[in-house]
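Trainee: In this note's numbering, the protein residues as written are 12 to 245.
Just so you know, even glycine gets a beta-carbon here, dropped at the ideal spot from N, CA and C.
The structure displayed is predicted, hence computed values, not measured ones.
Mind looking over this structure? Questions follow.
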């Protein structure tokens, strides 16, 4: 039986004005990273990581993020022998173009590194509320994806992570160094997130941005003040 789940990270991003605090991002991504590591340890890759597929629980589990939608999952190695699948080219794009890795754009067989690169783009998206290639409009999907790839490939890590903490840039840069069969260092990536939380003098206490908005909502309601917080202008 599957637990009933609550809102997605995408839903909550909209609720919070299209940007999350650094603390909230770190708490979300740390949990998703653990889910990805568990999936990889069971010889599977997800291949369609996106905020719509990260759902929070309900009730006593409302602080926990769950990874869902395993329809595009694939074995990257044999579950018994652990022999890695062969490196292939000429593959069609599987997943969501907005977040998929550059290797996927180039038609390469996906492996663990692609899930990690995908997650790095999601971090940037949650911090900025957008990605530089989101404005591309073309009714022809192939041409749109080609243009998207061009922009994704042209940006340096500094340009892509402009005004973001160095830890997020390191996360992205690390994802681009991984070889096809290499096991990602999940501990290193988690440490980047925890280092940032500590540097911000925050705690991993599962108090997310939307909790603070709801708290303000209730306080304003009780005091007879305007109910909704001011909209963010950036």
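Quick one, which of 109, 65 and 179 has its alpha-carbon nearest residue 152's?
Mentor: In the chain shown, residue 152 corresponds to position 141, counting from 1. Checked all of 109, 65 and 179; the closest Cα to residue 152 is 109.
Trainee: Measuring only the C-alpha atoms, how far is residue 97 from residue 179?
Mentor: Position 86 of the chain shown, counted from the start, is the residue given in the question as residue 97. Position 168 of the chain shown, counted from the start, is the residue given in the question as residue 179. Inter-residue distance for residue 97 and residue 179 is about 31 Å (C-alpha atoms, whole angstroms).
Trainee: In whole angstroms, what separates the C-alpha of residue 23 from that of residue 202?
Mentor: Taking the first residue of the chain shown as position 1, residue 23 is located at position 12. Taking the first residue of the chain shown as position 1, residue 202 is located at position 191. If you take the alpha carbons of residue 23 and residue 202, they lie about 25 Å apart.
Trainee: Please state whether DSSP places residue 86 in a helix, a strand or coil.
Mentor: Walking along the chain shown from the start, residue 86 turns up at place 75. Reduced to three states, the DSSP call for residue 86 is strand.
Trainee: On the DSSP bridge list, what partners appear for residue 74?
Mentor: The residue given as residue 74 occupies position 63 in the chain shown. Partner(s): none; residue 74 has no beta bridge.
Trainee: Leaving out five residues on either side along the sequence, give the residues of the same chain with a beta carbon under 7 Å from the beta carbon of residue 27.
Mentor: Counted from its first residue, the chain shown places residue 27 at position 16. Here residue 27 has 220, 221 and 224 as same chain residues with Cβ atoms under 7 Å from its own Cβ, once five neighbours each way along the sequence are excluded.
Trainee: Under 8 Å, with one C-beta from each stretch per pair, do the segment 28-42 and the segment 204-216 reach the 3-pair mark?
Mentor: yes
Trainee: Counting along the chain, where does the alpha helix (DSSP H) carrying residue 67 start and finish?
Mentor: For this step, residue 67 is matched to residue 56 along the chain shown. It is not in any alpha helix (DSSP H) - residue 67 instead sits in the beta strand (DSSP E) that spans 65-67.
Trainee: On the premise that residue 85 lies in contact with residue 124, defined as a C-beta separation below 8 Å, what is that separation, rounded to the nearest angstrom?
Mentor: Numbered from its first residue, the chain shown carries residue 124 at position 113. Numbered from its first residue, the chain shown carries residue 85 at position 74. Not a contact, Cβ separation roughly 14 Å.
Trainee: Enumerate in chain order the residues of its own chain whose CB-to-CB distance from residue 101 is below 6 Å, with the five nearest sequence positions on each side excluded.
Mentor: Along the chain shown, read from residue 1 onward, the residue named residue 101 stands at position 90. Closer than 6 Å at the Cβ level, and outside the excluded window around residue 101, lie 118.
Trainee: Below 8 Å, can you find three or more Cβ-Cβ pairs linking the segment 139-146 to the segment 160-169?
Mentor: Contact between the segment 139-146 and the segment 160-169 is present, because at least three Cβ pairs lie under 8 Å.
Trainee: Ignore the nearest five residues each way along the sequence and tell me which others in residue 213's own chain have a CB closer than 7 Å to its CB.
Mentor: As a working mapping, residue 213 is identified with position 202 in the chain shown. Result list for residue 213: 34, in chain order.
Trainee: For the putative contact between residue 131 and residue 87, defined by C-beta atoms under 8 Å, what is the C-beta separation to the nearest angstrom?
Mentor: On the chain shown, position 120 is the one that residue 131 refers to. On the chain shown, position 76 is the one that residue 87 refers to. Not a contact, Cβ separation roughly 18 Å.
Trainee: Taking C-alpha atoms, which residue in 186, 70, 158 and 83 lies nearest to residue 112?
Mentor: What you label residue 112 is simply residue 101 of the chain shown in a count that begins at 1. It is 186 whose Cα lies nearest to the Cα of residue 112.
Trainee: Measuring only the C-alpha atoms, how far is residue 154 from residue 92?
Mentor: In the chain shown, the residue the question calls residue 154 occupies position 143. In the chain shown, the residue the question calls residue 92 occupies position 81. If you take the alpha carbons of residue 154 and residue 92, they lie about 40 Å apart.
Trainee: Within the same chain, show all residues whose beta-carbon is closer than 8 Å to that of residue 190, passing over the 5 residues directly before and after it, in chain order.
Mentor: For the purposes of this step, residue 190 is identified with residue 179 of the chain shown, where counting begins at 1. Only 124 meet the Cβ criterion.
Trainee: In the DSSP assignment, find the alpha helix (DSSP H) that holds residue 141 and state where it starts and stops.
Mentor: Within the chain shown, the letter at position 130 stands for residue 141. Where residue 141 is concerned, there is no enclosing alpha helix (DSSP H), given that its DSSP letter is neither H nor E.
Trainee: Report the residue ranges of all alpha helix (DSSP H) runs contained in full by the segment 160-208; include only those spanning at least 4 residues, in chain order.
Mentor: 168-171 and 177-188
Trainee: When the distance is taken between beta carbons, is residue 115 closer than 7 Å to residue 83?
Mentor: Here residue 83 corresponds to residue number 72 of the chain shown, with the count starting at 1. Here residue 115 corresponds to residue number 104 of the chain shown, with the count starting at 1. No. Outside cutoff.
Trainee: Counting only the same chain and skipping the five closest in sequence on each side, list residues whose C-beta sits under 6 Å from that of residue 217.
Mentor: Locating residue 217 in the chain shown gives position 206, counting from the first residue. Within the same chain, residue 217 has close Cβ partners 74.
Trainee: Can you give me the C-alpha to C-alpha distance between residue 48 and residue 137, rounded to a whole angstrom?
Mentor: Here residue 48 corresponds to residue number 37 of the chain shown, with the count starting at 1. Here residue 137 corresponds to residue number 126 of the chain shown, with the count starting at 1. Whole-angstrom Cα-Cα distance: 21 Å.
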